[in-house]
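Chemist:
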Amino acid sequence: MNILEVRDLDIYYGDNRAVKNVRMDIEKNKVTALIGPSGCGKSTFLRSLNRMNDLIPISFAQGDIGYEGLNILSDNINVVALRKEIGMVFQKPNPFPKSIYENIVHALKYDGIKDKVQLQKIVEESLRKAALWDEVKDRLHESALSLSGGQQQRLCIARALAMKPSVLLLDEPASALDPISNAKIEELIVELKKEVSIVIVTHNMAQASRISDKTAFFFEGEIIEYDQTEKIFTNPSEKKTEEYITGRFS
Ligand SMILES: Nc1ncnc2c1ncn2[C@@H]1O[C@H](COP(=O)(O)OP(=O)(O)OP(=O)(O)O)[C@@H](O)[C@H]1O
27 MNILEVRDLD IYYGDNRAVK NVRMDIEKNK VTALIGPSGC GKSTFLRSLN RMNDLIPISF
87 AQGDIGYEGL NILSDNINVV ALRKEIGMVF QKPNPFPKSI YENIVHALKY DGIKDKVQLQ
147 KIVEESLRKA ALWDEVKDRL HESALSLSGG QQQRLCIARA LAMKPSVLLL DEPASALDPI
207 SNAKIEELIV ELKKEVSIVI VTHNMAQASR ISDKTAFFFE GEIIEYDQTE KIFTNPSEKK
267 TEEYITGRFS
């Protein structure tokens, strides 16, 4: 079953067409990896899936991104609500300079949830899902900035999970982290796909092959090949894919 259906997607920055005629079905409760050389449009594509590109004034997208019977790109989409359902975590951990607890409850309070018991329950649930609870349960009111980089990134994932998203977009979420934190994030991603569909941009081929179910290879704004991850990494159909995964260009 597909959670997102992308058709005829073009994304421009001014005159630069950074994503070209992309068609892609993103499956529910799977991990989908986006790979390809620097500048090929992976992040641009990822950001279009929850309208983050709207924040870049010269960016313009056309086409169709189907989600729950709606086109995400339509003018009448409530972008704030969309970004709760399709959450995003960036390369660099970006917790708010507030307590661990406040990082999770900030948006919930904004949405009008005031009941302390309910908030505490969501905090615990989200931190458990992000595999962070045991490490922080005794210091929930300390600053999020006192956490390690890897913990901060898991907090950012917990913050997104608190909104109960159906899709999580991850833009190189582990590339700024040490190997142990990286491994924890990878484990977490595999665990999380039971309840949320995941799309991840990664430069790390080994990571893509370890954690993803499907992989899309982007090159110069186009999808060259999109298939089961195992097929892409063992027996790709396109020469260009093979050249890339075997490190003949980067
Ligand atoms: N904010 C922006 N303003 C203008 N052009 C942009 C912007 N972001 C990306 N681009 C352009 O869009 C194209 C695709 O960039 P994008 O960052 O999506 O590629 P990428 O595959 O994610 O690269 P990387 O792996 O280096 O992050 C590039 O030509 C880039 O210069």
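Going by the numbering used here, the sequence shown runs without a break in its numbering and finishes at 276.
Cβ atoms here follow ideal geometry from the backbone N, Cα and C, with glycine treated the same way.
Using the rule of at least 16 other Cβ atoms within 10 Å of the residue's Cβ for burial, across every protein chain shown, is I91 buried or exposed?
Modeler: Numbered from its first residue, the sequence shown carries residue 91 at position 65. Buried, since its Cβ has 16 or more Cβ neighbours within 10 Å.
Chemist: Assuming N42 and D34 form a contact by the criterion Cβ under 8 Å, report the distance between their Cβ atoms to the nearest whole angstrom.
Modeler: Against the sequence shown, residue 42 aligns to sequence position 16. Against the sequence shown, residue 34 aligns to sequence position 8. Contact flag wrong, Cβ pair sits at about 18 Å.
Chemist: Considering only residues of the same chain and omitting the five flanking positions on each side of K110, which have a CB-CB separation below 6 Å?
Modeler: Within the sequence shown, numbered from 1, the residue matching residue 110 stands at position 84. Scanning its chain for C-beta atoms nearer than 6 Å, with the 5 sequence neighbours on each side dropped, one finds around K110 the residues M189, in chain order.
Chemist: Tell me which same chain residues have a C-beta within less than 6 Å of the C-beta of F71, skipping the five on either side of it?
Modeler: Residue 71 sits at position 45 when you count from the first residue of the sequence shown. Close CB contacts of F71 within its chain, under the 6 Å cut and outside five residues either way in sequence, are with V45 (chain order).
Chemist: Report buried or exposed for L7, applying the criterion of at least 16 other Cβ atoms within 10 angstroms of its Cβ.
Modeler: In this structure the chain extends from 27 to 276, so residue 7 is not present and cannot be described.
Chemist: With a CB to CB cut of under 8 Å and the five nearest residues on each side skipped, what residues in its chain are close to L171?
Modeler: Looking up residue 171 in the sequence shown gives position 145. Answer for L171: P121, P123 and Q178, listed in chain order.
Chemist: Have a look at the DSSP bridge pairing and note the partners of D90.
Modeler: Residue 90 sits at position 64 when you count from the first residue of the sequence shown. Beta-bridge pairing links D90 to R33.
Chemist: Tell me E53's beta-bridge partners as DSSP assigns them.
Modeler: To locate residue 53, count along the sequence shown from 1; it is residue 27. Paired residues: N28.
Chemist: Once DSSP output is grouped into helix, strand and coil, what is the label at D197?
Modeler: As a first step, residue 197 is located in the sequence shown; it is residue number 171 there, counting from the start. Three-state result, D197: strand.
Chemist: Taking only the alpha-carbon atoms, compute the straight-line gap between G67 and S85 and give it to the nearest angstrom.
Modeler: By 1-based counting over the sequence shown, the position of residue 67 is 41. By 1-based counting over the sequence shown, the position of residue 85 is 59. Those two C-alpha atoms are separated by around 13 Å.
Chemist: What is the DSSP secondary structure of Q254, counted as helix, strand or coil?
Modeler: Position 228 of the sequence shown, counted from the start, is the residue given in the question as residue 254. If DSSP states are grouped into helix, strand and coil, Q254 belongs with the strands.
Chemist: Quick test of your reading: D51 and Q88, contact by CB under 8 Å. State the CB separation rounded to the nearest angstrom.
Modeler: Walking along the sequence shown from the start, residue 51 turns up at place 25. Walking along the sequence shown from the start, residue 88 turns up at place 62. Actually they are not in contact, since the Cβ atoms of D51 and Q88 sit about 19 Å apart, beyond 8 Å.
Chemist: Would the beta-carbon of I237 fall within 8 Å of that of I215?
Modeler: The count along the sequence shown starts at 1 and reaches residue 237 at position 211. The count along the sequence shown starts at 1 and reaches residue 215 at position 189. Contact flag set, yes.
Chemist: Measure the C-alpha to C-alpha separation of M231 and N129 and round it to an integer number of angstroms.
Modeler: Counting from 1 along the sequence shown, the entry for residue 231 is found at position 205. Counting from 1 along the sequence shown, the entry for residue 129 is found at position 103. Between M231 and N129, the C-alpha separation is close to 32 Å.
Chemist: May I ask you to report which of helix, strand or coil DSSP gives L214?
Modeler: Position 188 of the sequence shown, counted from the start, is the residue given in the question as residue 214. Note: L214 maps to helix in three-state DSSP.
Chemist: A107: buried (16+ other C-beta within 10 angstroms of its C-beta) or exposed?
Modeler: Within the sequence shown, residue 107 is the residue found at index 81, counting from 1. Per the 10 Å Cβ criterion, exposed.
Chemist: Could you check which residue in E251, A157, D80 and K155 has the C-alpha nearest to that of S100?
Modeler: The residue you call residue 100 lines up with position 74 of the sequence shown. Nearest C-alpha to S100: D80.
Chemist: DSSP on T58, reduced to helix/strand/coil?
Modeler: Locating residue 58 in the sequence shown gives position 32, counting from the first residue. Strand at T58.
Chemist: Hey, L145 and L134: beta-carbon distance below 8 Å or not?
Modeler: Here residue 145 refers to the residue found at position 119 when the sequence shown is read from its first residue. Here residue 134 refers to the residue found at position 108 when the sequence shown is read from its first residue. Yes, the pair counts as a contact, with Cβ atoms nearer than the cut-off.
Chemist: In three-state DSSP terms, what is M47?
Modeler: Position 21 of the sequence shown, counted from the start, is the residue given in the question as residue 47. Note on residue identity: the sequence assigns Asn, not Met, to residue 47. Strand at N47.
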